[in-house]
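S.K.:
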Amino acid sequence: MMMFRRGFATSRVCGIKRLPSFAEIESVQLKEYLTEEQTQTDRNLNMLREGETEKHAEKRPSAGLFKSFLYGSNKTQQEQQEMEQSFSKVLMRGKYVHEMVVHKVHPHKATDYLDVVTEMYPRLANADENQVHLVGSWRQVVGDMDTYVHIWEYNGYPGFHHTQNMIHRDIKYLEYLEKLRSCVRSRESNIMQEFSFWGGTAAPRKLGGIFELRSYDLKPGKLLEWEQHWRKGLECRKQVMEPVGAWFYQLGQLNRVCHLWQFADLEHRKLSREKCWELPGWAETTHETVKLVNNMESNILVPLHFSPLK
Numbered sequence: 161m162m163m164f165r166r167g168f169a170t171s172r173v174c175g176i177k178r179l180p181s182f183a184e185i186e187s188v189q190l191k192e193y194l195t196e197e198q199t200q201t202d203r204n205l206n207m208l209r210e211g212e213t214e215k216h217a218e219k220r221p222s223a224g225l226f227k228s229f230l231y232g233s234n235k236t237q238q239e240q241q242e243m244e245q246s247f248s249k250v251l252m253r254g255k256y257v258h259e260m261v262v263h264k265v266h267p268h269k270a271t272d273y274l275d276v277v278t279e280m281y282p283r284l285a286n287a288d289e290n291q292v293h294l295v296g297s298w299r300q301v302v303g304d305m306d307t308y309v310h311i312w313e314y315n316g317y318p319g320f321h322h323t324q325n326m327i328h329r330d331i332k333y334l335e336y337l338e339k340l341r342s343c344v345r346s347r348e349s350n351i352m353q354e355f356s357f358w359g360g361t362a363a364p365r366k367l368g369g370i371f372e373l374r375s376y377d378l379k380p381g382k383l384l385e386w387e388q389h390w391r392k393g394l395e396c397r398k399q400v401m402e403p404v405g406a407w408f409y410q411l412g413q414l415n416r417v418c419h420l421w422q423f424a425d426l427e428h429r430k431l432s433r434e435k436c437w438e439l440p441g442w443a444e445t446t447h448e449t450v451k452l453v454n455n456m457e458s459n460i461l462v463p464l465h466f467s468p469l470k
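Everything in the sequence shown is counted per the working numbering, starting at 161 for the first residue and increasing by one.
Structure follows, in C-alpha cells:
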C-alpha cells in the first residue's frame, strides 16, 4: 500500500531557504490516496473501539444517529451532493484552472520588481516541463497604482501541482522569490474557474489599448442566480466590447466573480458602455444582478511588455 507523506517544514535548496509551499504537495493518483486515507481512518476507529469499555459503548449514540446529527440525513446529504454537482456542471467550463496573482509593490521598488518578473515569467511560461501558460500580466493604473495582476492558466489541478513541483526545483525560481519578497508589500493568489457561458479565455493577441478588470463580491448563495442573468447580458456586451475572460473564485476570496475587457482607450470604453444601454436585455440584466452584489470594483490595467495579451 502506498503511503502519502506531507512534509511542510521549511527547507533549503542549494543554500536558499524555501518557505512551505505547493512544492511539497505532489499530484497523486486520487484513487490510491483515498484508499490509503480510508485505511488509516479504519485503523484509528479500530484502536478507539478496542479501548472502550462496554459501559462507554452503551452511552455512546449510535454511529448513524451521530453522523445524521453532524451531516444531516442520508436524503439531505444526497440532495446537497446533487446540488453541488449541478452547480459545477452549470457554471464550470473545461479542464483549465486559472490563478490570479496580485502583487502590491513598494513604490520605490517598482523598477526592480519589473526587472525580476520580466526575467522570470516568460521563462516559466515557455518551459516545456510546466503545464501552464501565462494569460497576461498588467499594471493597474486606475485603483492602487502600485498593484500588478498576473493570470495563469493550468491544465487542471494536476497541472497546477505538477507545475508547482517543477518550478520549486529550479534554483533560478528560488532566487527570483528572494528578490521578489524585497519588492512587494503583499502577495495574493486566488484560484478561479471559467464560466461555461464565456466560451474560453482569449488567446494571445496584440490589439493594443487598455484592459478593464471588473470584480463583484456576491451575497453568499447567489452565484448561480448571478450567472443565469449575466449569461443573457453577455450577448449584449459582446456586440460592442472585446471580451477577454470571466471567472468565479473557487479558492481564496470566495463569492467573487470577475471579468476582463479590452478597449482602445477610456473614450472607447465610455462609448461602448453607453451603446450597451441601447441594446435589448442589458437594462434587465443590470436590474437583476445589482441586487445580488455586496460590493463591486472596476480597475483599469495596462499590459506589461512581455504579456501575451496586449
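Even glycine gets a Cβ: it sits at the ideal position worked out from N, Cα and C.
1) Pick out whichever of G359, S356, E372 has its Cα sitting closest to the Cα of R429.
2) My assumption, with CB atoms under 8 angstroms, is that R299 sits in contact with V462. Please give the rounded CB distance.
3) Let's see if you can read the secondary structure: which residues bound the alpha helix (DSSP H) around C436?
4) The alpha helix (DSSP H) that contains Q388, what's its start and end?
5) Taking a contact to mean a Cβ-Cβ separation below 8 angstroms, would you say N459 touches G303 in this structure?
6) Helix or strand or just coil, what does DSSP make of K219?
7) Is Q422 buried or exposed, if buried means 16 or more other CB atoms sit within 10 Å of its CB?
8) Just to confirm my understanding: we take T446, look at its own chain, exclude 5 residues before and 5 after, and list those with CB closer than 8 angstroms. What are they?
9) Apart from the five residues on each side of it in sequence, which residues of its chain come closer than 6 angstroms, Cβ to Cβ, to A424?
10) What does the Cβ neighbour count give for G405, buried or exposed, with the cut at 16 atoms within 10 Å?
11) V309: which of R433, E348, W407 sits nearest, CA to CA?
12) Measure from the alpha carbon of P440 to the alpha carbon of each residue in N315, E427, A363, K398, then state which is nearest.
13) To which residues of the same chain is K382 closer than 6 angstroms at the C-beta, ignoring the five residues directly before and after it?
14) In whole angstroms, what separates the C-alpha of K260 from that of Q413?
15) What is the C-beta distance between F408 and P282, in whole angstroms, given that I count them as a contact (C-beta under 8 angstroms)?
16) Among residues of its own chain, excluding the 5 on either side of Y314, which ones have a beta-carbon nearer than 8 angstroms to its beta-carbon?
17) Hey, F357 and R329: beta-carbon distance below 8 angstroms or not?
18) Is the beta carbon of P380 closer than 8 angstroms to that of N350?
19) Who are the Cβ neighbours of V276 in its own chain at under 8 angstroms, not counting the five residues just before and after it?
20) With DSSP run on the structure shown, which of helix, strand or coil describes E448?
21) Nearest-angstrom Cα distance between E434 and S375?
22) Taking the straight line between their C-alpha atoms, what separation do you get for K264 and S297?
23) Work out the CA separation of D288 and M326 for me, nearest whole Å.
24) Give me the Cα-Cα distance between S228 and Y317, rounded to the nearest whole angstrom.
25) Apart from the five residues on each side of it in sequence, which residues of its chain come closer than 7 angstroms, Cβ to Cβ, to S432?
26) For T449, count the other beta carbons within 10 Å of its own beta carbon; 16 or more makes it buried, fewer makes it exposed. Which is it?
M.R.: If we stick to the structure as given:
1) E372
2) 6 angstroms
3) 426-436
4) 383-397
5) yes
6) In this prediction, K219 has a pLDDT of 48, which is less than 50 and means its spatial position is unreliable; nothing more can be read from the coordinates.
7) buried
8) G393
9) G369
10) buried
11) E348
12) K398
13) L452
14) First, the amino acid is wrong: residue 260 is Met here, not Lys. Roughly 11 angstroms separates the two Cα atoms.
15) F408 to P282, Cβ: 28 angstroms. No contact.
16) Y256, V257, H258, E259, Q291, V292, F320, T323
17) no
18) no
19) Y336, K339, L340, C343
20) helix
21) 20 angstroms
22) 14 angstroms
23) 11 angstroms
24) Residue confidence is low: S228 scores 46 on pLDDT, short of 50, so the model does not pin down where it sits. No coordinate-derived value is stated.
25) V400, M401, F423
26) buried
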